[in-house]
Structures are given as C-alpha cells and as structure tokens.
Amino acid sequence: MPTPMLVETLVLSLEQRLEEMMGRKIAEAMSNKSSRQQSMVLEENHFLLEVMAVPLPRDFKQPKMEKYNGSSDPVDHLRSFVDLMRLQATPDAIMCRAFPPTLRRKPGTG
1 MPTPMLVETL
11 VLSLEQRLEE
21 MMGRKIAEAM
31 SNKSSRQQSM
41 VLEENHFLLE
51 VMAVPLPRDF
61 KQPKMEKYNG
71 SSDPVDHLRS
81 FVDLMRLQAT
91 PDAIMCRAFP
101 PTLRRKPGTG
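Just so we're aligned, residue 1 is where the sequence shown starts under full-length UniProt numbering, counting upward by one.
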C-alpha cells in the first residue's frame, strides 16, 4: 500500500505533467491567432484546467437520457440534464464534464 507521502508526490508529478502538456497545447493553439483569439484560448484553457481538476466522485453515474440531436429545444435538453445532475448533488465542474456525451455528433465531425 502506498504511503500518503508517495501518493502526494505522485499527484504533484502528475499535476506538473498536466500543466506542461496544457502549456504546449496552449502554445500550439495560440500560434497564428489574433490577440482577441489568444485571449479566448487562454480563458478556455484556464476553465478547462479548473474543471478537470475536480475529481469524479466514485459513485457518479452518467445520466440516462436521450442524446440531443438538434431537432428539439436545446434549453429543454439542458434543463433535463441539470435536473438529473442535481438529483445526484453533482458539482458544476462535473456537470461540465458530463454534458458533452449527451449530445449527438453530426456525421463527419469526429
């Protein structure tokens, strides 16, 4: 069983590696961008780091709901998602991570 000190060291190492990777991604995204676009990239990546830093609860369950396909009101879909998440007392950051899988991708977009 790893000691608390070892676990803390591993966590710090992983955090440093994540920051380095994000730094490279930010630099890559900022090349050939206007200053306004660069500002948006920095804001988006700061938000992403904050969201991804929140650990996923062990008992978290992705909501079972029909994927949004664009044919109905997107606000209704979002409200349904938020209602299901609030039933689990899900933190906002986890909601941000859990929402994209509720969307159906258009063919050819990934």
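Glycine is no exception: its CB is placed at the ideal position from the N, C-alpha and C atoms.
Item to complete: Have a look at G110 and K67 and give me their C-alpha separation to the nearest angstrom.
Response: With a pLDDT of 48 at G110, under the threshold of 50, the predicted position of this residue should be treated as unreliable, and no value is reported.
Item to complete: Quick one: grab the DSSP three-state call for L56.
Response: coil
Item to complete: Report the rounded CA-to-CA distance for M65 versus F81, giving the unit in angstroms.
Response: 8 Å
Worksheet item: When you compare only the Cα positions, how much space is there between E20 and T9?
Response: 17 Å
Discussion item. Using a 10 Å radius around the Cβ and a threshold of 16 neighbouring Cβ atoms, would you call A89 buried or exposed?
Written reply: Exposed, by the Cβ-count rule.
Discussion item. Less than 7 Å between the C-beta atoms of T98 and V54, yes or no?
Written reply: Residue 98 is actually Ala in this sequence, not Thr. Cβ distance not < 7 Å, so A98 and V54 don't count as in contact.
Worksheet item: Which whole-angstrom value describes the C-beta separation of L84 and P63, a residue pair presumed to lie in contact below a C-beta threshold of 8 Å?
Response: 4 Å
Worksheet entry | Test item: CB-CB of G105 and N69 under 7 Å | The question names Gly, but residue 105 is Arg in the sequence shown. Taking a C-beta distance under 7 Å as the contact criterion, R105 and N69 do not qualify as a contact pair.
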